[in-house]
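Visitor: Chains as they are written, first to last, in my numbering: chain S, 40 to 195; chain X, 40 to 195.
For each residue, glycine too, the CB sits at the ideal point set by N, CA and C.
Number of protein chains: 2
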Amino acid sequence: MFRLNKLTDYGIVLMTSIAQHPELQNARDLAAASQVPLPTVSKLLKELSHSGLLVSHRGSKGGYSLSRSPQQISVAEIIGALEGPIGFTECSVVAGSCDLEPSCLVRRNSKVISLALLGALENLTLGDLMQPMELAGLKPRSNIVSTINLISGGVQ
Amino acid sequence: MFRLNKLTDYGIVLMTSIAQHPELQNARDLAAASQVPLPTVSKLLKELSHSGLLVSHRGSKGGYSLSRSPQQISVAEIIGALEGPIGFTECSVVAGSCDLEPSCLVRRNSKVISLALLGALENLTLGDLMQPMELAGLKPRSNIVSTINLISGGVQ
DNA sequence: ACATACAGAACTAAATTAGTACTGTATCTC
DNA sequence: GAGATACAGTACTAATTTAGTTCTGTATGT
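Printed below as a string of C-alpha cells:
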C-alpha cells in the first residue's frame with residue numbers, strides 16, 4: 040500500500056496535538072491523549088526534536104513545544120524527519136540505487152513526479168491540518184499533473 | 040521513505056516497456072530489457088494480467104500486451120494492482136484500522152489528502168510516462184493543496 | 001536533594017517485501 | 001498430433017524494514 044508508515048502517522052497526530060495547546064506538553068500526557076504507547080511517543084518526540092521541529096525542555100514541568108508556528112511547519116518536514124526523503128520511487132531520491140539507471144526510460148519522469156509530490160507536501164502545513172479541510176472538485180488533469188507538462192506539445 | 044515499493048516501480052517500468060512496442064512481448068524478453076530477474080518479472084506480469092491491465096497469450100509466440108491504450112491506463116491503476124490501495128495514511132484507506140479513529144482530529148484531513156493524491160495519480164497515465172515530462176513552476180499552494188480548501192475561510 | 005522528564009543507544013519481535021521454485025495447462029509450430 | 005514454448009497458480013524462503021521496548025545517563029525545576 041502506497042502510504043505513510045504508522046509511526047509517521049502517529050508523529051503527525053502528535054505534532055497536531057502539540058500545536059493545539061499553547062503550553063508545554065510532556066511525553067506522558069501526549070501518549071495518554073493520542074493512545075499511542077509511551078515508549079513509542081517518546082521515541083518519536085526525540086526524533087522530531089532532533090530534526091528541529093520541536094523544542095524540548097528537561098526537568099520537572101518540562102516537555103515539548105513547536106519550534107515554529109504551525110503555519111511555518113510543513114507536512115513534508117514532518118515526514119522527512121520521521122521516515123527520510125519523500126519521493127515517488129527510490130531511484131528518484133537516492134542516486135545510484137538502481138543498476139539500470141542509465142538505460143531506464145521512466146526514471147526521469149519519476150523524478151518529475153517526485154518533485155511535484157514533494158512540492159505539494161511542502162505547501163501543506165500543520166496549520167492546515169488543525170482545521171477541517173475539504174476537497175475541491177477534482178478537475179481532469181489537475182493536481183500534480185497540472186504542474187507537469189509534456190515537453191512535446193506541452194503548454195510550457 | 041515515503042515511496043513506492045521496488046516491485047511496483049519495476050511494474051511501471053515493465054508496463055511502459057510493453058506500451059512502447061506494438062507487438063507481443065514475453066516475460067523473458069522483458070526481463071532482459073529491464074534487467075529485472077525473470078522470476079520477478081514473471082510474477083509481476085501475472086499480477087498485472089490478473090488485474091486486467093495486461094492481456095496474456097499462451098503458447099509459443101505468446102506474451103503480453105496492454106488491454107487498453109496507454110492513454111487509458113492510469114498510474115493509479117498500476118499501483119493499485121501491485122500494492123493495493125493508495126492513501127496518505129492507513130486509517131484513511133482501511134476503515135477500522137486504528138483504535139483511536141473516533142477521537143482522532145487528523146483522520147478526516149488525512150482522508151482529504153488521500154483523495155487528492157489518488158485523484159492526481161488517476162489523472163497521470165502510461166501515455167504520459169512514455170514521453171519526457173517536465174515540471175512547471177510550482178506556485179505557492181498549488182498541486183494537491185490547490186484541490187483542498189479549508190472549510191473556514193476557504194475559497195469553496 | 002530529589003523527583004521529573006528528556007537524551008541516547010542498543011536491542012527484540014513482528015510484519016512486510018523481495019525473490020525463488022515447482023507443477024500445471026494452453027497454444028503455436030512443424 | 002508431438003513437442004517446445006510460454007503463461008497460470010501456488011507455495012515457500014530469505015532479506016529487509018518497521019514497530020515497539022528497555023535501560024542508563026543527564027539536565028532542570030521545586
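Please report the residue range of the alpha helix (DSSP H) in which Ser-73 of chain S lies.
Guide: Here residue 73 of chain S refers to the residue found at position 34 when the first sequence is read from its first residue. Where Ser-73 of chain S is concerned, the enclosing alpha helix (DSSP H) stretches over 66-73.
Visitor: Which term fits Ser-142 of chain S, buried or exposed, when burial requires 16 or more other beta carbons within 10 angstroms of its beta carbon?
Guide: Taking the first sequence and counting its residues from 1, one reaches residue 142 of chain S at position 103. Counting Cβ neighbours within 10 Å, Ser-142 of chain S comes out exposed, since fewer than 16 surround it.
Visitor: Do you know whose CA, among S:Leu-46, S:Pro-124, S:Ser-149, lies nearest Gln-74 of chain S's CA?
Guide: Residue 74 of chain S sits at position 35 when you count from the first residue of the first sequence. It is S:Leu-46.
Visitor: Below 8 Å on the Cβ atoms is my guess for Glu-116 of chain S versus Leu-144 of chain S; work out the distance and round it to an integer in Å.
Guide: The residue labelled residue 116 of chain S in the question sits at position 77 within the first sequence. The residue labelled residue 144 of chain S in the question sits at position 105 within the first sequence. Contact doesn't hold; Cβ gap of about 32 Å is too wide.
Visitor: So if I threshold CB-CB distances at 7 Å, which residues from the region 43-57 of chain S count as touching chain X?
Guide: The region 43-57 of chain S vs chain X, Cβ under 7 Å: Leu-43, Lys-45, Asp-48, Ile-51, Val-52, Thr-55.
Visitor: According to DSSP, simplified to helix, strand and coil, what is Val-194 of chain X?
Guide: For the purposes of this step, residue 194 of chain X is identified with residue 155 of the second sequence, where counting begins at 1. Any reading at Val-194 of chain X is ruled out, since the residue's pLDDT is 31, under 50, leaving its predicted position unreliable.
Visitor: Spatial neighbours of Glu-122 of chain S within its chain, please: CB distance less than 6 Å, with the 5 preceding and 5 following residues excluded, ordered by chain position.
Guide: The residue you call residue 122 of chain S lines up with position 83 of the first sequence. Asn-44, Thr-47.
Visitor: When Cβ atoms are compared, which residues of the region 134-148 of chain S fall closer than 9 Å to chain X?
Guide: For the region 134-148 of chain S, which is checked against every Cβ of chain X, the residues closer than 9 Å are Cys-137, Asp-138, Leu-139, Ser-142, Cys-143, Leu-144, Val-145, Arg-146, Arg-147, Asn-148.
Visitor: Looking only at its own chain, which residues have a Cβ that is under 6 Å from the Cβ of Lys-150 of chain S, when we skip the five neighbours before and after it?
Guide: On the first sequence, residue 150 of chain S is found 111 positions in, with the first residue counted as 1. Ser-131, listed in sequence order.
Visitor: State yes or no: is the C-beta of Ser-108 of chain S nearer than 7 Å to some heavy atom of the ligand GTP?
Guide: As far as ligands go, the structure on display features none, and thus does not contain the ligand GTP.
Visitor: Could you give the DSSP three-state label for Gly-135 of chain X: helix, strand or coil?
Guide: By 1-based counting over the second sequence, the position of residue 135 of chain X is 96. The answer is coil: DSSP assigns Gly-135 of chain X none of H, G, I, E or B.
Visitor: If the cut-off is 7 Å on Cβ atoms, which residues from the region 95-112 of chain X count as contacting chain S, listed in chain order?
Guide: Per Cβ criterion, the list is empty.
Visitor: Check the Cβ-Cβ distances between Pro-61 of chain S and every residue of chain X, and say whether any is below 8 Å.
Guide: Against the first sequence, residue 61 of chain S aligns to sequence position 22. No - not a single Cβ of chain X is within 8 Å of the one on Pro-61 of chain S.
Visitor: Can you tell me the Cα-Cα spacing of Asn-81 of chain S and Glu-62 of chain S, whole angstroms?
Guide: As a working note, residue 81 of chain S is residue 42 in the first sequence. As a working note, residue 62 of chain S is residue 23 in the first sequence. The amino acid at residue 81 of chain S is misidentified as Asn; the sequence shows Ser. Roughly 18 Å between the two C-alpha positions.
Visitor: With 8 Å set as the bound, which would you pick, yes or no: does the beta-carbon of Asn-182 of chain S sit closer than that to a beta-carbon of chain X?
Guide: In the first sequence, the residue the question calls residue 182 of chain S occupies position 143. For Asn-182 of chain S, the predicted model reports a pLDDT of 47, less than 50, meaning its position is unreliable; a value from the coordinates is still stated below. It does; some Cβ of chain X falls within 8 Å.
Visitor: Is there a Cβ of chain S sitting closer than 8 Å to that of Ser-73 of chain X, yes or no?
Guide: Here residue 73 of chain X refers to the residue found at position 34 when the second sequence is read from its first residue. Closer than 8 Å to some Cβ of chain S, the Cβ of Ser-73 of chain X qualifies, so yes.
Visitor: So what does DSSP say about Met-40 of chain X, is it helix, strand or coil?
Guide: Locating residue 40 of chain X in the second sequence gives position 1, where the first residue counts as 1. If DSSP states are grouped into helix, strand and coil, Met-40 of chain X belongs with coil.
Visitor: Which residues in chain S have a C-beta closer than 7 Å to the C-beta of Pro-78 of chain X? List them in chain order.
Guide: The residue you call residue 78 of chain X lines up with position 39 of the second sequence. Chain S residues near Pro-78 of chain X: none, gap ~17 Å exceeds 7 Å.
Visitor: Provide the residue(s) that pair with Ile-125 of chain X in DSSP beta bridges, ordered along the chain.
Guide: If you number the second sequence from 1, residue 125 of chain X lands on position 86. Bridge partners of Ile-125 of chain X: S:Phe-41.
Visitor: In terms of DSSP beta bridges, what is Val-94 of chain S paired with?
Guide: For this step, residue 94 of chain S is matched to residue 55 along the first sequence. Answer by DSSP bridge pairing, in chain order: S:Ser-104.
Visitor: Run the CB neighbour count on Ala-66 of chain X, radius 10 Å, all protein chains shown included, and call it buried at 16 or more, exposed below.
Guide: Residue mapping note: residue 66 of chain X aligns to position 27 of the second sequence, counting from 1. With 16 or more other Cβ atoms within 10 Å, it is buried.
Visitor: Using a Cβ distance threshold of 8 Å, determine whether the region 49-56 of chain X contacts the region 167-177 of chain S, with at least three qualifying pairs required.
Guide: No, the region 49-56 of chain X does not touch the region 167-177 of chain S.
Visitor: Is Ser-191 of chain X close to chain S, meaning its C-beta is less than 8 Å from at least one C-beta of that chain?
Guide: Residue numbering aside, residue 191 of chain X sits at position 152 when the second sequence is read from its first letter. Interpretation of Ser-191 of chain X is limited by its pLDDT of 34, a score under 50 that renders its predicted location unreliable; the figure taken from the coordinates is listed afterwards. With 8 Å as the cut-off, Ser-191 of chain X counts as an interface residue toward chain S.
Visitor: How many Å lie between Ser-153 of chain X and Ile-125 of chain X at the Cα?
Guide: Looking up residue 153 of chain X in the second sequence gives position 114. Looking up residue 125 of chain X in the second sequence gives position 86. Rounded to whole angstroms, Ser-153 of chain X to Ile-125 of chain X spans 7 Å at the Cα level.
Visitor: Show which residues of chain X have a CB atom less than 8 Å away from the CB atom of Leu-69 of chain S.
Guide: For this step, residue 69 of chain S is matched to residue 30 along the first sequence. Per Cβ cutoff of 8 Å: no residues; Leu-69 of chain S is ~13 Å from chain X at best.
Visitor: Have a look at Lys-85 of chain X and Pro-78 of chain X and give me their C-alpha separation to the nearest angstrom.
Guide: The count along the second sequence starts at 1 and reaches residue 85 of chain X at position 46. The count along the second sequence starts at 1 and reaches residue 78 of chain X at position 39. Between Lys-85 of chain X and Pro-78 of chain X, the C-alpha separation is close to 11 Å.
Visitor: Name the chain X residues that come within less than 9 Å of Glu-122 of chain S, Cβ to Cβ?
Guide: The residue you call residue 122 of chain S lines up with position 83 of the first sequence. Chain X residues near Glu-122 of chain S: Met-40, Phe-41.
Visitor: In chain order, what residues of the same chain have a beta carbon less than 7 Å from the beta carbon of Glu-140 of chain X, not counting five sequence neighbours either side?
Guide: In the second sequence, counting from the first residue as 1, residue 140 of chain X sits at position 101. Cβ within range, chain order: Cys-130, Arg-146.
Visitor: Rounded to the nearest angstrom, what separates Gly-102 of chain S and Ile-118 of chain X at their Cα positions?
Guide: As a working note, residue 102 of chain S is residue 63 in the first sequence. As a working note, residue 118 of chain X is residue 79 in the second sequence. Using only the alpha carbons, I get a separation of about 41 Å.
Visitor: So what does DSSP say about Ser-113 of chain X, is it helix, strand or coil?
Guide: As a first step, residue 113 of chain X is located in the second sequence; it is residue number 74 there, counting from the start. Correct three-state label for Ser-113 of chain X: strand.
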